[in-house]
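>
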Amino acid sequence: MVKTFTTEVKIFQTMKELEALDEKVNRFILQNRVKRVVSVSDTATTDDSGATIGLVRVLAYEG
Numbered sequence: 020m021v022k023t024f025t026t027e028v029k030i031f032q033t034m035k036e037l038e039a040l041d042e043k044v045n046r047f048i049l050q051n052r053v054k055r056v057v058s059v060s061d062t063a064t065t066d067d068s069g070a071t072i073g074l075v076r077v078l079a080y081e082g
């Protein structure tokens, strides 16, 4: 199974946003009793100028 999470990235707040994203993923794993995480992948999203504006995290897991 695959679950996708997203977060907005604001200048000077990146660490806080990454910690919140980690918490969201960890809460999902606990609440859904995920037995095995197969992989976790992050990719940045950008605006027209190439600036990073968000992050997409994909979690592949066995339930």
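First residue of the sequence shown? That's 20 in the numbering used here, and the numbers climb one at a time after it.
Don't be surprised by glycine CBs; every beta carbon is placed ideally from N, CA and C.
1) Identify every run of the alpha helix (DSSP H) within the segment 32-70, keeping only runs that are complete inside it and at least 4 residues long; order them along the chain.
2) Which residue comes first and which comes last in the beta strand (DSSP E) that contains V21?
3) Rounded to whole angstroms, what is the Cα-Cα separation between D67 and S60?
4) Select from G82, Q32 and K43 the residue whose C-alpha is nearest the C-alpha of K54.
5) From the DSSP output, read off the bridge partner residues of G73.
Here's the rundown:
1) 33-50
2) Here the question's residue 21 lines up with position 2 in the sequence shown. Where V21 is concerned, the enclosing beta strand (DSSP E) stretches over V21 to E27.
3) Working through the sequence shown from its first residue, we reach residue 67 at position 48. Working through the sequence shown from its first residue, we reach residue 60 at position 41. When rounded, the distance between both Cα atoms is 23 Å.
4) Here residue 54 is taken as the residue at index 35 of the sequence shown, counted from 1. Closest by alpha carbon: G82.
5) Mapped onto the sequence shown, residue 73 falls at position 54. Answer is E27 and T64, bridged to G73.
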